[in-house]
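Chemist: Got a structure here, written out as structure tokens. Questions coming.
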Amino acid sequence: DVKKIVDYLKRNDRNEYKHHQEVFRPWGKYNVIDSGKNYLVRCITVKPGEKFVAQMHHHRAEHWIVLSGTARVTKGEQIYMVSENESTFIPPNTIHALENPGMTPLKLIEIQSGTYLGEDDIIRLEQRSGFSKEWTNERS
Numbered sequence: 004d005v006k007k008i009v010d011y012l013k014r015n016d017r018n019e020y021k022h023h024q025e026v027f028r029p030w031g032k033y034n035v036i037d038s039g040k041n042y043l044v045r046c047i048t049v050k051p052g053e054k055f056v057a058q059m060h061h062h063r064a065e066h067w068i069v070l071s072g073t074a075r076v077t078k079g080e081q082i083y084m085v086s087e088n089e090s091t092f093i094p095p096n097t098i099h100a101l102e103n104p105g106m107t108p109l110k111l112i113e114i115q116s117g118t119y120l121g122e123d124d125i126i127r128l129e130q131r132s133g134f135s136k137e138w139t140n141e142r143s
């Protein structure tokens, strides 16, 4: 019985009941590795040629550590590459995007930290004409 398993996990202060182990998205997948009051750690795999929609967060920062592949990162007006064993930091209130320009999957560790990590703090943005110009909010 699933309810009994979830109750057991809650009683024993386990985090597994909060998140699905593996979540699939059109761009790839992620696994939640660990979470606490002010942090969330995920292992993310981005398919070749895929990307995250540009977004920002008001209450969290993100650290991305590339395990394999190469990431094209857009942070504010900067666009740069992050390779295996390199990392980057995205502060709160910073428009950012992530893309896998390679021919192999991009695998990275994402560490979110901040005062609030809820899904409603993800503001997805649509680029209209030029990265630093006009953006619209398309929450989803």
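Count along the sequence shown from 1, add 3, and you get the number used in the working numbering. Quick reminder that beta carbons are idealized off the backbone N, C-alpha and C, glycines included.
Quick test of your reading: I93 and A64, contact by CB under 8 Å. State the CB separation rounded to the nearest angstrom.
Modeler: Here residue 93 corresponds to residue number 90 of the sequence shown, with the count starting at 1. Here residue 64 corresponds to residue number 61 of the sequence shown, with the count starting at 1. At roughly 6 Å, the Cβ-Cβ gap stays under 8 Å, so I93 and A64 are in contact.
Chemist: For Y33, count the other beta carbons within 10 Å of its own beta carbon; 16 or more makes it buried, fewer makes it exposed. Which is it?
Modeler: For the purposes of this step, residue 33 is taken as the residue at position 30 of the sequence shown. Buried, by the Cβ-count rule.
Chemist: Please look up how many angstroms separate the CB atoms of S86 and K110, rounded, as I've assumed it's under 8 Å.
Modeler: For this step, residue 86 is matched to residue 83 along the sequence shown. For this step, residue 110 is matched to residue 107 along the sequence shown. At roughly 12 Å, the Cβ-Cβ gap does not stay under 8 Å, so S86 and K110 are not in contact.
Chemist: Within a Cβ cutoff of 7 Å, which residues of the same chain sit near K50, ignoring the five residues on either side of it in sequence?
Modeler: Indexing the sequence shown from 1 puts residue 50 at position 47. Excluding sequence positions up to five before and after K50, its CB lies within less than 7 Å of the CB of W30, G31, N103, P108, all in the same chain and listed in chain order.
Chemist: Give every residue of the same chain whose Cβ lies closer than 6 Å to the Cβ of H62, excluding the five residues on either side of it in the sequence, and list them in chain order.
Modeler: Working through the sequence shown from its first residue, we reach residue 62 at position 59. Only G117, T118, Y119, D124 meet the Cβ criterion.
Chemist: Here's the rule I'm using: 16 or more other beta-carbon atoms within 10 Å means buried, otherwise exposed. How should S132 be labelled?
Modeler: Start at 1 with the first residue of the sequence shown, and residue 132 comes out as number 129. Residue placement at S132 is poorly supported in this model, since its pLDDT is 35, which falls under 50; the coordinates still yield a value, given next. Burial call: exposed.
Chemist: If you count every other CB in all the chains shown that lies within 10 Å of the CB of I47, and 16 or more means buried, which is it?
Modeler: By 1-based counting over the sequence shown, the position of residue 47 is 44. Buried is the call here.
Chemist: From this set, Y11, D4, I68, N96, which residue's C-alpha is nearest R45's C-alpha?
Modeler: Taking the sequence shown and counting its residues from 1, one reaches residue 45 at position 42. The candidate whose alpha carbon is nearest that of R45 is I68.
Chemist: Going by alpha carbons, who is nearest to F55 out of M106, V5, K78?
Modeler: Reading the sequence shown from its first residue, position 52 is the one you call residue 55. Checked all of M106, V5, K78; the closest Cα to F55 is K78.
Chemist: Taking buried to mean at least 16 other C-beta atoms within 10 Å of its own C-beta, is M106 buried or exposed?
Modeler: Here residue 106 refers to the residue found at position 103 of the sequence shown. Result: exposed.
Chemist: How about I126 and H60: are their beta carbons less than 8 Å apart?
Modeler: By one-based count along the sequence shown, residue 126 stands at place 123. By one-based count along the sequence shown, residue 60 stands at place 57. Yes, these two residues count as a Cβ contact at 8 Å.
Chemist: Between Y11 and the ligand SAH, is the CB less than 7 Å from at least one heavy atom?
Modeler: This structure simply doesn't include the ligand SAH, nor any ligand for that matter.
Chemist: Report the option in L43, R28, I112, H66 whose CA atom is closest to the CA atom of H99.
Modeler: Here residue 99 refers to the residue found at position 96 when the sequence shown is read from its first residue. Taking only the C-alpha atoms, the option nearest H99 is H66.
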